[in-house]
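Q:
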Ligand code: PMP
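Residue numbers (the UniProt record's numbering): 1 to 338.
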């Protein structure tokens, strides 16, 4: 018999799928690590489970406890799954920038979700970081997962994502391309892969409006770099402890528009119905294509599923309102010429 004891046993072992049409102008093979095959439809299931397991081991999470986290949705989804199976409560703080679909999904799994303003400093008492910290302080028997600074995050990718990519490519991977937020995915996966082969190039993809790229290049935290952007789940206005910038070779920035258009192309040209940050990762790769050679084997991580973005990136009107699709086309559609 081939039976899983619970949903958590289906986390990981996601497929590596060749990109065909999109990358036909590139000299090398590009493979997508399609993380929406995880049960919560994102890569974050891996680190959510790991954070819970480590907290249990360390005695920070006890039976009947409450998991508290600031999350843009995907980490919350993974934590909520773990909480259902293991019998914990969840309270999540998130920002008003996040898609309604993501918030509703968390509620469907029994989590309580508190929506906080996006455009306030992390230290502001109204920020989703501050509110999570305050709740963790006030609620007895609670555990603040803190995906930014909890190193169980990158450990999950060191233990699972990295080894899977190494095995699936027979150790032939030459480039890892990852859109980054907390830094857990890029750092954990890269540490593992570089231990196996220090020559592997690691390219981190960042939205404009995040300070990470400038920090990588100069070591300076420059708040002038920080401005509102639309892409969800990536970029930061501080440097989380999960980063180890030494394992990253290149940081590249991608616009909200280019990322959104690329996500739509990945869906329509490859049949991979992925999320917004997948567009950032593949677009960033395209921006750096002149650096690639014939025998390179590129692995690009697609973090989550497109269903969470049907009201956004995959909605023509939403795209047109932001100037991401040609408005003339919109008028044509209204006039029946579309
Ligand atoms: N893409 C999406 C959709 C995400 O939710 C996240 C997690 N914040 C990332 C990319 C970045 O992953 P990480 O936090 O591991 O850097």
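Don't be surprised by glycine CBs; every beta carbon is placed ideally from N, CA and C.
According to DSSP, is residue 316 part of a helix, a strand, or is it coil?
A: In this structure, residue 316 counts as helix in the three-state DSSP scheme.
Q: Going by DSSP, which residues form a beta bridge with residue 144?
A: 68
Q: Are the CB atoms of residue 247 and residue 294 nearer to each other than 8 angstroms?
A: no
Q: Looking at residue 103 and the ligand PMP, is the gap between the Cβ and the nearest heavy atom below 7 angstroms?
A: no
Q: Distance check for residue 91 and residue 113, CA to CA, integer angstroms please.
A: 6 angstroms
Q: Measuring straight from C-alpha to C-alpha, what distance separates residue 77 and residue 71?
A: Computed Cα separation, rounded: 9 angstroms.
Q: How is residue 178 classed by DSSP in three states: helix, strand or coil?
A: It is a strand residue.
Q: Which residue marks the beginning of the alpha helix (DSSP H) containing residue 285, and which one marks its end?
A: 276 to 287
Q: Taking only the alpha-carbon atoms, compute the straight-line gap between residue 13 and residue 4 and give it to the nearest angstrom.
A: So the alpha carbons of these two residues sit roughly 14 angstroms apart.
Q: Applying the criterion that 16 or more other CB atoms from any shown protein chain within 10 Å of the CB defines a buried residue, is residue 271 buried or exposed?
A: exposed
Q: Have a look at 105, 173, 149 and 324 and flag the residue whose alpha-carbon is nearest the alpha-carbon of residue 201.
A: Closest option to residue 201, judged by alpha-carbon separation, among 105, 173, 149 and 324: 173.
Q: So what does DSSP say about residue 205, is it helix, strand or coil?
A: Strand.
Q: Among 49, 55, 68 and 96, which has the Cα closest to the Cα of residue 81?
A: 49
Q: Taking 8 angstroms as the limit between beta carbons, can you name the residues of its chain near residue 296, skipping five residues before and five after?
A: 27, 28, 29, 174 and 175
Q: What do you get for residue 207, buried or exposed, if any count of 16 or more other CB atoms within 10 angstroms of its CB means buried?
A: Residue burial is scored here from C-beta neighbours: residue 207 has at least 16 other C-beta atoms within 10 angstroms and is therefore classed as buried.
Q: Between the Cα of residue 84 and those of 265, 64 and 58, spot the shortest distance and give me the residue it belongs to.
A: 64
Q: Taking the alpha-carbon positions, what's the residue 223 to residue 308 distance?
A: Using only the alpha carbons, I get a separation of about 30 angstroms.
Q: Closest to residue 311 by C-alpha separation, out of 58, 40, 99 and 6, would be which residue?
A: 99
Q: Once DSSP output is grouped into helix, strand and coil, what is the label at residue 83?
A: In the displayed model, residue 83 falls within a helix according to three-state DSSP.
Q: Classify residue 156 as buried or exposed, calling it buried when 16 or more other Cβ atoms lie within 10 Å of its own Cβ.
A: buried
Q: How do the segment 154 to 168 and the segment 209 to 228 stand: do at least 3 beta-carbon pairs fall below 8 angstroms, yes or no?
A: Judged by pairs of C-beta atoms under 8 angstroms, the segment 154 to 168 does not touch the segment 209 to 228, as fewer than three such pairs exist.
Q: Would you tell me roughly how many angstroms separate the C-alpha atoms of residue 119 and residue 238, rounded to the nearest one?
A: 14 angstroms
Q: In whole angstroms, what separates the C-alpha of residue 240 from that of residue 1?
A: 43 angstroms
Q: Judging by CA-CA distance, which residue of 86, 59, 197 and 39 is the nearest neighbour of residue 355?
A: What is shown of the chain runs 1 to 338, which leaves residue 355 out entirely.
Q: Would you say the beta carbon of residue 44 is closer than 7 angstroms to some non-hydrogen atom of the ligand PMP?
A: yes
Q: With DSSP as the reference, please indicate the residues paired to residue 304 in a beta bridge.
A: 42
Q: For residue 52, name the three-state secondary structure that DSSP assigns.
A: helix
Q: Is it buried or exposed, residue 227, if we count other Cβ atoms within 10 angstroms and call 16 or more buried?
A: exposed
Q: Per DSSP, which residues does residue 251 bridge with? Please list them.
A: 204
Q: Whole angstroms are fine: how far does the CA of residue 323 sit from the CA of residue 338?
A: With a pLDDT of 45 at residue 338, under the threshold of 50, the predicted position of this residue should be treated as unreliable, and no value is reported.
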